[in-house]
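See structure below.
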Amino acid sequence: MKKVLVITHRSENTATWLELEQFISEFCQNVSAKLDNVELIYTTYGDMVYTLESGKTKIFDSRNKLDISKVQLVHFKNWLHNTAEAPVIAAYLKSNNIPFYNSEVSLPISPGKLAQMFLLASNEIPVPDTFYAPQKRL
């Protein structure tokens, strides 16, 4: 079964997250039910865990319990709220030949420790093992 991942920003600016999450969850279920051999799943930028270990990069979706390099397609939603993480995710997907929508997210990688570490490691420059996750995941 092909997995399509929608990554969104967890926001409570216009509605509570519980209402938004219920809508997104039902949307994914309804779309999946109408497509053969496709599962539409969602996550948030805050659910991502980034690791660099022995020079290998990995971005793990803790909501769906999978390395995002294992999905077949990604759609970035509301990524402008997560400009430190979204370009890193896009670069990771690109390096794993995973197509994604909202190509503007793949602008030059943003500055910051996370982006620098992933960029160095992807160019085979030794970096110390690193772990990055939103505070709620620690």
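For the sequence shown, the working numbering puts the final residue at 139, and the numbers step up evenly by one. Glycine included, each C-beta is placed from N, C-alpha and C at the ideal position.
> Using the rule of at least 16 other Cβ atoms within 10 Å of the residue's Cβ for burial, across every protein chain shown, is T9 buried or exposed?
Replying inline: The residue in question, T9, is buried, as its Cβ has 16 or more Cβ neighbours within 10 Å.
> Less than 7 Å separating the beta-carbons of D130 and E54?
Replying inline: Against a cut-off of 7 Å, the Cβ pair of E54 and D130 comes out as a contact.
>> Which residue wins for smallest C-alpha separation from G47, given the options I90, V72, Q30, E105?
In response: Of the listed residues, the one whose Cα sits closest to G47 is I90.
> When you compare each of P135, L6, Y133, Q136 to L67 by their alpha carbons, which one comes out closest?
Replying inline: A check of alpha carbon separations from L67 across P135, L6, Y133, Q136 identifies L6 as the nearest.
> Which one of T84, A34, G56 has the shortest CA to CA distance from S107?
Replying inline: Nearest to S107 by alpha-carbon distance, out of T84, A34, G56, is T84.
> By Cβ distance, which residues of its chain are closer than 6 Å to H82, with the 5 residues on each side in sequence left out?
Replying inline: Around H82, the same chain offers H10 as residues with beta carbons nearer than 6 Å, after the five sequence neighbours per side are excluded.
> Going by alpha carbons, who is nearest to Q30 out of Y43, L21, V72, W18?
Replying inline: For the set Y43, L21, V72, W18, the Cα lying nearest the Cα of Q30 is the one of Y43.
>> How far does the beta strand (DSSP E) with M49 in it extend, from its first residue to its last?
In response: It spans 49–54 - the beta strand (DSSP E) in which M49 sits, taken as one unbroken run.
> Leaving out five residues before and five after M118 in sequence, what residues of the same chain have Cβ atoms less than 7 Å from its Cβ?
Replying inline: The residues L53, V128, T131, in chain order, have a CB closer than 7 Å to that of M118 in the same chain once the five nearest residues on each side in sequence are set aside.
> By DSSP, does L41 sit in helix, in strand, or in coil?
Replying inline: Strand.
> Under a three-way DSSP split, which group does V72 fall into?
Replying inline: V72: coil per DSSP, three-state reduction.
> Around the C-beta of L36, are 16 or more other C-beta atoms found within 10 angstroms, so that it is buried, or is it exposed?
Replying inline: Per the 10 Å Cβ criterion, exposed.
> By the 10 Å Cβ neighbour count, where 16 or more other Cβ atoms means buried, how is F101 classified, buried or exposed?
Replying inline: Taking all protein chains in view, the Cβ of F101 is crowded by 16 or more other Cβ atoms within 10 Å, so the residue is classified as buried.
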